Each structure stands twice: as structure tokens, then as C-alpha cells.
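Working notes for the structure below.
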Amino acid sequence: MKRLIPAFLAGALIWAGAARADILPGETKAFQCTACHGPTGMRHAPGQAAIGGRSAEELAAILRDYRHLRRINPAMQVLLLPMSEQDVDDVAEYFSLVGQTAAAR
Ligand code: HEC
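Counted the way mature numbering (1 follows the signal peptide of the UniProt record, and there is no 0) counts, the sequence shown spans residues -21 to -1, 1 to 84.
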């Protein structure tokens, strides 16, 4: 039994590391969005919907509209044009997850 505990801990650490690695890329890239949208995507100007907590698919589709110039807003274009498709999915997932967490509190 004693030998199993370190093995379990190592396994838990590897698992936690893997889960964390999934979240981090989006978190780093999303930092530049938080100035306007707030840390959890819940801050928004009147008439604008909050981005936090919406589905990652919906957010990614909107972000691609800005990225591919189907929707125009200079602030959004400046940030989204240099992003890769993977970056778009990562930030969409990030705001979806942190927004849901913030709403659940
Ligand atoms: C300089 C301020 C600013 C920054 C930084 C910014 N945004 Fe925005 N964002 C806006 C404004 C203003 C709008 C509304 C634009 C419009 O009407 O199309 C908007 C719209 C959006 C929308 C569409 C919301 C909807 O319901 O239609 C999403 C999604 C979004 N931003 C995500 C992001 C993400 C992700 C980032 C980081 C990559 C980001 N924004 C960075 C100002 C900003």
C-alpha cells in the first residue's frame, strides 16, 4: 500500500499537469482581451453582450467573423488578424470556461 501512494501522487500530478496545459494557452492569449472584456469576459459596454460563459463554438464562430473581416471592429481586428486558428479556439474555450465558473459562484 505504501508503495502505491507515491505512484498515485505521481499520477495525479501528471493528470493535473495535463489538464492545466489545456487551459493555459488560452489563458495567456486571452490576457490581452481582459482589458476590455474583463478577466472572466463579464465586463461589457451597454448594448454589448458579455462574452464569458457562452459556448466555445459560438465564441469561436464570432471571432472567425472578425478574423476573416466578415464583421468589422478595429480593436477586434488588431488582435485577431495575427492569431492562428488554434489561438481562436483556445481563447474561445478560455472565456467559455471562466465565464461559466464566474456565473456559478
Ligand atoms: C480594445 C478593447 C477590446 C479588446 C482588447 C477586445 N475586444 Fe472584443 N470587443 C470589443 C468591442 C468594442 C466589441 C463590439 C464590437 C462590435 O460591435 O462588433 C467586441 C466584441 C467582441 C465579441 C462579440 C460579442 C458579441 O456578442 O457579438 C467577442 C466574442 C469578443 N469581442 C471577444 C474578444 C476576444 C476573445 C478578445 C481578445 C483576443 C477581445 N475581444 C479583445 C472590444 C475589445
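The beta-carbon is built from N, C-alpha and C at its ideal position, and this holds for glycine as well.
Nothing here was measured: the structure is a model prediction, and the numbers come from that model.
Report the option in S75, Q11, S63 and R50 whose CA atom is closest to the CA atom of L38.
Position 59 of the sequence shown holds residue 38. Of S75, Q11, S63 and R50, the residue nearest in Cα terms is S75.
Between L58 and ligand 1, is there a pair consisting of the residue's CB and a ligand heavy atom that are separated by less than 6 Å?
Here the question's residue 58 lines up with position 79 in the sequence shown. For ligand 1, at least one heavy atom lies less than 6 Å from the Cβ of L58.
At what residues does the alpha helix (DSSP H) containing T19 begin and finish?
Looking up residue 19 in the sequence shown gives position 40. From DSSP, T19 is part of no alpha helix (DSSP H); its letter is neither H nor E.
Given M27 as reference, the closest of E72, D68, A81 and H16 once Cα atoms are compared
Here residue 27 corresponds to residue number 48 of the sequence shown, with the count starting at 1. It is Gln, not Met, that sits at residue 27 in the sequence shown. Of the candidates E72, D68, A81 and H16, the one whose C-alpha sits nearest the C-alpha of Q27 is H16.
Give every residue of the same chain whose Cβ lies closer than 6 Å to the Cβ of G32, excluding the five residues on either side of it in the sequence, and list them in chain order.
Indexing the sequence shown from 1 puts residue 32 at position 53. Counting only Cβ-Cβ distances below 6 Å, and skipping sequence neighbours, we find G78, Q79 and A82.
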